[in-house]
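> Below are the structure tokens for one structure; questions will follow.
There are 2 protein chains.
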Amino acid sequence: MPAPVDHDARRRDLAARACTLIARGGLEAVTYRRLAADAECSTSIVTHYFADRHELLLWSYRVAADRSQERFDAAFTASDADLIACLTALLPVSPEVADDWRVYFAFWHTATVDPVLAREQRWWQRHCRQIIADLLRRRGTDAPVARRQARVLLTLVLGIAAQALFEERSWTGQRQRVFLAAQAETLLRAFA
Amino acid sequence: MPAPVDHDARRRDLAARACTLIARGGLEAVTYRRLAADAECSTSIVTHYFADRHELLLWSYRVAADRSQERFDAAFTASDADLIACLTALLPVSPEVADDWRVYFAFWHTATVDPVLAREQRWWQRHCRQIIADLLRRRGTDAPVARRQARVLLTLVLGIAAQALFEERSWTGQRQRVFLAAQAETLLRAFA
């Protein structure tokens, strides 16, 4: 009797492979055929898990976004909930995170013309602001202020990442962190 | 004798049409055939102006980016060089500008995997920081401070646009402007 297939794990494995293909060659590089070859399975298995390319992109995005969440959580634990450490974990400070940002940009592009993907993107934006606001509340910040500050902090993270992805030399990981820390400090002081 | 063809104008007209197709249906929607049909010309004319799809995307980006520059310049003149007015002109505060941001996201995505497009993107990022720094210097800010402030201001513009494009209701044009003005004020005060 064959072992039962863990469908969710299988789907996530394929989506993770698709992330790598997107980061290396963009959306155009991701075909069912290439993904099947990469996973050493038949294209019918790929089509079984993803009805169309947008569904494949949606799952790839979720895998990459979950990795950001995991990095954020790991930084939270390792730094005892340090704000800058947690936010830096979201930035493209290493080649691995930069690859995930390549997936995010691919997703953003498609989400600008696909209502289902746009809804997913809205969910993630709200979620990111929420986890940042939760972090600020742990420091004793009032909820309304934490929400406003979280909005500014996510704005900084997105703006830094957008520049850093194309200017690796002037936005090294270290410089992203220092820049973010300086702006976050200015912000928190202004609200105090 | 036929009138001489203005090749640059022709290329820009085709690229502007490609921008509209990208904003409506994403990169996948832009085929030489569809563009030729839209421009009521033959596909051989399209291929004459754009050797491949990346070149078409590059020119589309330039057309959309030039429109941002024109909006910035118009705001500069109309507002007597008001910082917030000029920066707001870069934000997706209207459907037309939002469409240009859809083109930017399409370009960013492809630029993450194409060195030629990445170089163009770097140029525009530096250019944007430069025109913002020039604006700050007009207000009497020292050059090194203006450069640092321009970096933060562009970060805010990019971060706001990334969220606003997917959350039209919570990031109306008015809210983008107010948010940007508040953050810019905090920043400029902190540097003072």
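Residue numbers (our numbering), protein chains in the order written: chain V, 1 to 192; chain Z, 1 to 192.
Glycine is no exception: its CB is placed at the ideal position from the N, C-alpha and C atoms.
Quick caveat, the model's predicted, so the values are computed rather than measured.
Which runs of the alpha helix (DSSP H), 4 residues or longer, sit entirely within the stretch 52-132 of chain V?
Qualifying alpha helix (DSSP H) stretches, in chain order: 53-78, 83-88 and 95-111.
> Between Z:ALA162, Z:ALA111 and Z:TRP101, which lies nearest to ASP66 of chain Z when the distance is taken from Cα to Cα?
For the purposes of this step, residue 66 of chain Z is taken as residue 66 along the second sequence, with counting starting at 1. Of the candidates Z:ALA162, Z:ALA111 and Z:TRP101, the one whose C-alpha sits nearest the C-alpha of ASP66 of chain Z is Z:TRP101.
> Name, going along the chain, the residues of the stretch 57-71 of chain Z whose beta-carbon falls closer than 9 Å to a beta-carbon of chain V.
Flagged: no residues at all.
> Which residue wins for smallest C-alpha separation from GLY173 of chain V, given the options V:PRO92, V:ARG138, V:ALA181 and V:VAL113?
Here residue 173 of chain V is taken as the residue at index 173 of the first sequence, counted from 1. The option with the nearest alpha carbon to GLY173 of chain V is V:PRO92.
> Under the rule that 16 or more other beta-carbon atoms within 10 Å means buried, what is HIS109 of chain Z, buried or exposed?
In the second sequence, the residue the question calls residue 109 of chain Z occupies position 109. Answer is buried; the Cβ neighbour count reaches 16.
> What residue range does the alpha helix (DSSP H) around GLU185 of chain Z cover?
If you number the second sequence from 1, residue 185 of chain Z lands on position 185. Taken as a continuous stretch (DSSP letters only), the alpha helix (DSSP H) holding GLU185 of chain Z covers 173-191.
> What did DSSP end up calling SER170 of chain V once you bin it into helix, strand or coil?
Counting from 1 along the first sequence, the entry for residue 170 of chain V is found at position 170. Looking at SER170 of chain V - three-state DSSP - the assignment turns out to be coil, as it is neither helix nor strand.
> For the alpha helix (DSSP H) holding ARG3 of chain Z, just list the boundary residues, first then last.
In the second sequence, the residue the question calls residue 3 of chain Z occupies position 3. Reading off the sequence, residue 3 of chain Z comes out as Ala, not Arg. Run containing ALA3 of chain Z: none; DSSP gives neither H nor E here.
> Below 8 Å, how does it come out for the stretch 77-87 of chain Z and the stretch 144-152 of chain Z: are there three or more Cβ pairs, yes or no?
No, because fewer than three Cβ pairs between the stretch 77-87 of chain Z and the stretch 144-152 of chain Z fall closer than 8 Å, the two stretches do not touch.
> What is the residue span of the alpha helix (DSSP H) that LEU27 of chain V lies within?
Position 27 of the first sequence, counted from the first residue, corresponds to residue 27 of chain V. Element bounds for LEU27 of chain V: n/a, residue is neither H nor E.
> Note down, in chain order, every chain Z residue with its Cβ under 7 Å from the Cβ of LEU156 of chain V.
As a first step, residue 156 of chain V is located in the first sequence; it is residue number 156 there, counting from the start. Residues of chain Z passing the Cβ test: THR155 and GLY159.
> What is the DSSP secondary structure of ARG139 of chain V, reduced to helix, strand or coil?
Residue numbering aside, residue 139 of chain V sits at position 139 when the first sequence is read from its first letter. Coil.
> Can you list the residues of chain V that LEU188 of chain Z reaches, using a CB-CB cut of under 8 Å?
For this step, residue 188 of chain Z is matched to residue 188 along the second sequence. In chain order: nothing, as chain V lies at least about 10 Å away.
> List the residues of chain Z whose Cβ lies closer than 7 Å to the Cβ of ARG17 of chain V, in chain order.
One-based indexing of the first sequence puts residue 17 of chain V at position 17. The contacting residues do not exist; ARG17 of chain V stays about 16 Å from chain Z at best.
> Please tell me whether ASP114 of chain Z has its Cβ less than 9 Å away from any Cβ of chain V.
Within the second sequence, numbered from 1, the residue matching residue 114 of chain Z stands at position 114. Output row for ASP114 of chain Z: interface = yes.
> Work out the CA separation of ALA39 of chain V and ALA89 of chain V for me, nearest whole Å.
Residue 89 of chain V sits at position 89 when you count from the first residue of the first sequence. Residue 39 of chain V sits at position 39 when you count from the first residue of the first sequence. If I take the Cα positions, the gap works out to 29 Å.
> Less than 9 Å between the beta carbons of ARG71 of chain V and VAL97 of chain V, yes or no?
For the purposes of this step, residue 71 of chain V is identified with residue 71 of the first sequence, where counting begins at 1. For the purposes of this step, residue 97 of chain V is identified with residue 97 of the first sequence, where counting begins at 1. Yes, Cβ-Cβ distance for ARG71 of chain V and VAL97 of chain V is below 9 Å.
> Leaving out five residues before and five after ALA181 of chain V in sequence, what residues of the same chain have Cβ atoms less than 7 Å from its Cβ?
Indexing the first sequence from 1 puts residue 181 of chain V at position 181. Within the same chain, ALA181 of chain V has close Cβ partners ILE84.
> Under a three-way DSSP split, which group does SER44 of chain V fall into?
As a working mapping, residue 44 of chain V is identified with position 44 in the first sequence. If DSSP states are grouped into helix, strand and coil, SER44 of chain V belongs with the helices.
> 9 Å is my cut-off, CB to CB: does PHE105 of chain V come that close to chain Z?
Translated into positions along the first sequence, residue 105 of chain V becomes position 105. Yes, because at least one Cβ of chain Z sits closer than 9 Å to the Cβ of PHE105 of chain V.
> Could you check what DSSP says for LEU165 of chain Z in three-state terms: helix, strand or coil?
Here residue 165 of chain Z refers to the residue found at position 165 when the second sequence is read from its first residue. Coil, per DSSP.
> Counting C-beta neighbours from all protein chains within 10 Å, is the total for LEU59 of chain V 16 or more, i.e. buried, or is it exposed?
If you number the first sequence from 1, residue 59 of chain V lands on position 59. Note that residue 59 of chain V is Trp in the sequence shown here, rather than Leu. With 16 or more other Cβ atoms within 10 Å, it is buried.
> Verify whether the separation of the beta carbon atoms of ALA64 of chain V and CYS19 of chain V is less than 9 Å.
Against the first sequence, residue 64 of chain V aligns to sequence position 64. Against the first sequence, residue 19 of chain V aligns to sequence position 19. Yes, they are a contact pair.
> So which residues on chain V does ARG102 of chain Z lean against when the C-beta distance must stay under 9 Å?
Stepping through the second sequence from its first residue, residue 102 of chain Z is reached at position 102. By Cβ distance, chain V contributes HIS109, THR112 and VAL113.
> Quick one: which residues of the stretch 115-135 of chain Z get their C-beta closer than 7 Å to a C-beta of chain V? List them in chain order.
The stretch 115-135 of chain Z vs chain V, Cβ under 7 Å: ALA118, GLN121, ARG122 and GLN125.
> Check the Cβ-Cβ distances between GLU96 of chain V and every residue of chain Z, and say whether any is below 9 Å.
Within the first sequence, the letter at position 96 stands for residue 96 of chain V. It does not: the Cβ of GLU96 of chain V has no partner Cβ on chain Z nearer than 9 Å.
> Write down the C-beta distance between ALA163 of chain Z and THR77 of chain V rounded to the nearest angstrom, noting that I regard them as a contact closer than 8 Å.
Numbered from 1 along the second sequence, position 163 holds the residue referred to as residue 163 of chain Z. Numbered from 1 along the first sequence, position 77 holds the residue referred to as residue 77 of chain V. A small fix is needed here, since residue 163 of chain Z is Gln in this sequence, not Ala. Their Cβ separation, rounded to whole angstroms, is 28 Å, which puts GLN163 of chain Z and THR77 of chain V out of contact at 8 Å.
> From this set, Z:ARG177, Z:THR112 and Z:TYR49, which residue's C-alpha is nearest GLU28 of chain V's C-alpha?
Walking along the first sequence from the start, residue 28 of chain V turns up at place 28. Comparing Cα positions, the closest option is Z:THR112.
> Using the Cα positions of ALA15 of chain V and LEU56 of chain V, report the straight-line distance between them to the nearest angstrom.
By 1-based counting over the first sequence, the position of residue 15 of chain V is 15. By 1-based counting over the first sequence, the position of residue 56 of chain V is 56. Roughly 7 Å separates the two Cα atoms.
> List the residues of chain V whose Cβ lies closer than 9 Å to the Cβ of GLY25 of chain Z, in chain order.
Stepping through the second sequence from its first residue, residue 25 of chain Z is reached at position 25. Result: VAL113.
> When the cut-off is 9 Å and only beta carbons count, does THR174 of chain Z lie next to chain V?
Locating residue 174 of chain Z in the second sequence gives position 174, where the first residue counts as 1. A small fix is needed here, since residue 174 of chain Z is Gln in this sequence, not Thr. Chain V contact via Cβ: absent.
> Below 9 Å on C-beta distance, what does LEU165 of chain V contact in chain Z?
The residue labelled residue 165 of chain V in the question sits at position 165 within the first sequence. Residues of chain Z passing the Cβ test: TRP108, ALA111, THR112, ALA118 and GLN121.
> Identify the contact partners of VAL152 of chain Z in chain V, using a Cβ-Cβ distance below 7 Å as the criterion.
In the second sequence, counting from the first residue as 1, residue 152 of chain Z sits at position 152. Going along chain V in sequence order, the residues near VAL152 of chain Z (Cβ under 7 Å) are GLN183.
> Is ALA9 of chain Z close to chain V, meaning its C-beta is less than 9 Å from at least one C-beta of that chain?
To locate residue 9 of chain Z, count along the second sequence from 1; it is residue 9. So, not an interface residue.
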